[in-house]
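For reference, the structure discussed in these notes is given below.
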Amino acid sequence: MDGMMGWRVADEGWRKGPWTPAEDKLLMEYVALHGEGRWSSVAGCSGLKRNGKSCRLRWVNYLRPGLKKGQLSPQEEGIIIELHALWGNKWSTIARYLPGRTDNEIKNYWRTHFKKKGKPSHNEKKQKYEPQLSYYNQYHNVQESMNNSTTSSDQSEVHNYTGMMIEPPQAALQETSTPDLTWHGSQQQQNPCVMAQDVARWWDTVAEDNLWSGFMWNPDHDHQAVMEQSFSPCF
DNA sequence: AAAACTGCCAACCGCCTCCCC
DNA sequence: CGGGGAGGCGGTTGGCAGTTT
Numbered sequence: 000m001d002g003m004m005g006w007r008v009a010d011e012g013w014r015k016g017p018w019t020p021a022e023d024k025l026l027m028e029y030v031a032l033h034g035e036g037r038w039s040s041v042a043g044c045s046g047l048k049r050n051g052k053s054c055r056l057r058w059v060n061y062l063r064p065g066l067k068k069g070q071l072s073p074q075e076e077g078i079i080i081e082l083h084a085l086w087g088n089k090w091s092t093i094a095r096y097l098p099g100r101t102d103n104e105i106k107n108y109w110r111t112h113f114k115k116k117g118k119p120s121h122n123e124k125k126q127k128y129e130p131q132l133s134y135y136n137q138y139h140n141v142q143e144s145m146n147n148s149t150t151s152s153d154q155s156e157v158h159n160y161t162g163m164m165i166e167p168p169q170a171a172l173q174e175t176s177t178p179d180l181t182w183h184g185s186q187q188q189q190n191p192c193v194m195a196q197d198v199a200r201w202w203d204t205v206a207e208d209n210l211w212s213g214f215m216w217n218p219d220h221d222h223q224a225v226m227e228q229s230f231s232p233c234f
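Under numbering that gives the first Met the number 0, read the first sequence as residues 0 to 234, first letter to last.
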């Protein structure tokens with residue numbers, strides 16, 4: 000690499016490094032005209048001296064409409080923890096359940112908040128992973144009880160919501176079959192880094208604020224619309 | 001006040017998969 | 001059917017800003 004600030008034009012004439020407002024404008028104009036995709040032709044059509052991958056990344060992570068900026072909410076944090084426990088580092092898959100958030104953002108968030116905790120020993124692995132299991136089971140139990148309950152609320156919507164949360168996308172299901180939380184494989188090596196106290200702290204936070212319960216258990220709650228919006232995967 | 005540390009984030013790289021010719 | 005290009009994804013890097021020592 001030619002040094003972070005020194006990089007201007009890389010091999011083959013492509014520009015690298017931070018995007019300028021002018022470049023952003025060119026890229027947005029291109030997408031407005033031609034739509035997303037065909038990134039490799041951006042340079043030819045717009046005059047942008049960026050390769051296709053760079054254009055795609057900039058669009059997906061920064062320019063795309065509907066992107067949320069700012070801190071992740073406790074709900075989003077919880078979803079990340081939960082889904083990472085299920086699927087591991089499938090950032091793009093997890094991102095589908097957090098509308099407006101990018102895989103890059105989630106990945107960065109995970110690294111800064113959980114990965115830093117360090118690698119536990121073999122014994123610790125099992126111990127520290129279990130709280131997640133119980134959280135997951137708790138989650139399932141609640142779902143079951145909700146499905147079995149005979150409230151007057153519209154159960155189809157409840158099912159819709161919980162199903163959306165718990166069932167991974169088909170692709171992910173095919174990869175890992177059912178949400179199998181046993182310890183296996185290198186892919187899940189990082190899971191122990193989700194320390195029990197991290198999950199507990201998050202749980203405390205949402206429980207204290209009554210966020211999760213109000214958000215989740217009561218389908219007639221005002222948050223329902225938000226829930227449906229928040230948990231519809233944006234494929 | 002300054003150096004060291006830490007967190008955050010944008011953007012790159014390499015690998016893999018998919019699709020078209 | 002196979003090769004090559006494009007796109008997608010996860011891992012990694014490095015700069016900047018805020019915080020701590």
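Where is the CB? At the ideal position from N, CA and C, for every residue including glycine. What you are looking at is a predicted structure, and each value in this text was computed from that prediction instead of being measured.
Among the residues of its own chain, which have a CB less than 7 Å from the CB of residue i, if the five just before and after it don't count?
i: R63; result: none
i: T19; result: none
i: E28; result: S45
i: W109; result: I79, H83
In this structure, how does DSSP classify residue i when only helix, strand and coil are distinguished?
i: R245; result: Since the first residue shown for the chain is 0 and the last is 234, residue 245 is missing from the structure and cannot be characterised.
i: R57; result: helix
i: R37; result: coil
i: R14; result: strand
i: N107; result: helix
i: G65; result: coil
i: K24; result: helix
i: K89; result: coil
Just curious, the alpha helix (DSSP H) that residue i is in, first and last residue?
i: S45; result: 41-45
i: Q74; result: 73-86
i: T19; result: No alpha helix (DSSP H) holds T19; DSSP gives it neither H nor E.
If you draw a straight line from the C-alpha of residue i to the C-alpha of residue j, how long is it?
i: I80; j: R95; result: 14 Å
i: A84; j: G69; result: 24 Å
i: A42; j: R49; result: 6 Å
i: L66; j: V30; result: 16 Å
i: E75; j: E35; result: 27 Å
i: L25; j: L47; result: 7 Å
Starting from the C-beta of residue i, find all residues in its chain whose C-beta is less than 8 Å away, skip the five residues before and the five after it, and write them out in chain order.
i: D102; result: W90, S91, I93, A94
i: I105; result: I79, W90, I93, A94, L97
What residues in its chain sit with their C-beta under 6 Å from that of residue i, if we drop five residues either side in the sequence?
i: W38; result: G51, C54, R55
i: N60; result: T101, N103
Inter-stretch contact at 8 Å, needing at least 3 Cβ pairs: the segment 70-79 / the segment 39-57: Flag = no, the segment 70-79 and the segment 39-57 do not touch.
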